[in-house]
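The sequence shown maps to residues 1 to 198 in full-length UniProt numbering.
No residue lacks a Cβ here, since even glycine has one placed at the ideal position from N, Cα and C.
All remarks here apply to the structure that follows.
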Amino acid sequence: MQKITLFIDQANIWSACKKMGKTLDYSKFQAFFEQKFLWQVQDMFYYQAFPSDGSRSHSIDGLHRFFVKMEKGFGYTVRKKELKTITLRDKAGTIIYDPRTGKPLTKEKGNFDVELTMDAMEYRSGFDIGIFFTGDSDFLPLITHLRNEWKKIYIFSTEDSISQELRTGADQYYNLVEFPEIHGDQLQSRQWNNPTQA
Numbered sequence: 001m002q003k004i005t006l007f008i009d010q011a012n013i014w015s016a017c018k019k020m021g022k023t024l025d026y027s028k029f030q031a032f033f034e035q036k037f038l039w040q041v042q043d044m045f046y047y048q049a050f051p052s053d054g055s056r057s058h059s060i061d062g063l064h065r066f067f068v069k070m071e072k073g074f075g076y077t078v079r080k081k082e083l084k085t086i087t088l089r090d091k092a093g094t095i096i097y098d099p100r101t102g103k104p105l106t107k108e109k110g111n112f113d114v115e116l117t118m119d120a121m122e123y124r125s126g127f128d129i130g131i132f133f134t135g136d137s138d139f140l141p142l143i144t145h146l147r148n149e150w151k152k153i154y155i156f157s158t159e160d161s162i163s164q165e166l167r168t169g170a171d172q173y174y175n176l177v178e179f180p181e182i183h184g185d186q187l188q189s190r191q192w193n194n195p196t197q198a
């Protein structure tokens, strides 16, 4: 039986979930891969950034409870960190201001490219197949390196979310739409911008 490790890039997969209009049910992942593909799940890594306290009009306590459930209830290793707020600047380095409010424009950032890459490299001896839930082309160098070490790499994403680089650079691409076994509930209106269950 081939051994697999899952790497779930929540920010990218959340975009796929919004396009599907459904969440994913992470409680079903281990059984899904072991029963449908007859693979042995070695590790499951989940990566998600979270808002700072007071930055939202609603409580984020539910998100932290979700992290605990993922770890203690479902057996995932959760990598999490607070979102960073970045002030937007133009090409000359000048701060860009909102013409309506006069305040600097900002965006939140919380990617896990480095953390996911470090985990994949550290744990690569324990899996034959790496399962990546992402469509981000930034992971192409990692995937290419792992394949050069004779690892099989399979990508799970959606047609609208996967980059062409990953589609062609991995051993196989699976469309999440085609696997209702791991779909969760229909997305509710508030969840579109509050991915506590993505």
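Straight across, the Cα-Cα distance linking Phe-127 with Ala-92 is about 46 Å.
Counting only unbroken stretches of 3 or more residues, the beta strand (DSSP E) elements lying wholly within the stretch 27 to 81 are 40 to 50, in sequence order.
The beta strand (DSSP E) runs lying completely inside the stretch 117 to 168 and spanning 3 residues or more are 129 to 133, 152 to 157, given in chain order. Scanning its chain for C-beta atoms nearer than 6 Å, with the 5 sequence neighbours on each side dropped, one finds around Tyr-26 the residues Phe-74, in chain order. Contact check between the stretch 131 to 140 and the stretch 64 to 73: fewer than three CB pairs, one atom from each, fall below 8 Å, which does not count as touching. DSSP, reduced to helix, strand and coil, places Leu-105 outside both helices and strands of the structure shown, so it counts as coil. Around the beta carbon of Thr-168, fewer than 16 other beta carbons sit within 10 angstroms, so the residue counts as exposed. Tyr-154 and Tyr-47 have their C-alpha atoms some 18 Å from each other.
In this chain, the beta strand (DSSP E) harbouring Lys-22 covers 22 to 24. When DSSP reads this structure, Phe-179 sits in no beta bridge, so it has no partner. Counted as a single uninterrupted DSSP element, the beta strand (DSSP E) harbouring Asp-9 occupies residues 3 to 9.
For Ile-13, the secondary structure class from DSSP, reduced to helix, strand or coil, is helix. Rounded to whole angstroms, the Cβ separation of Gln-2 and Ile-129 is 6 Å, and the two are in contact under 8 Å. Inter-residue distance for Glu-178 and Asp-61 is about 32 Å (C-alpha atoms, whole angstroms).
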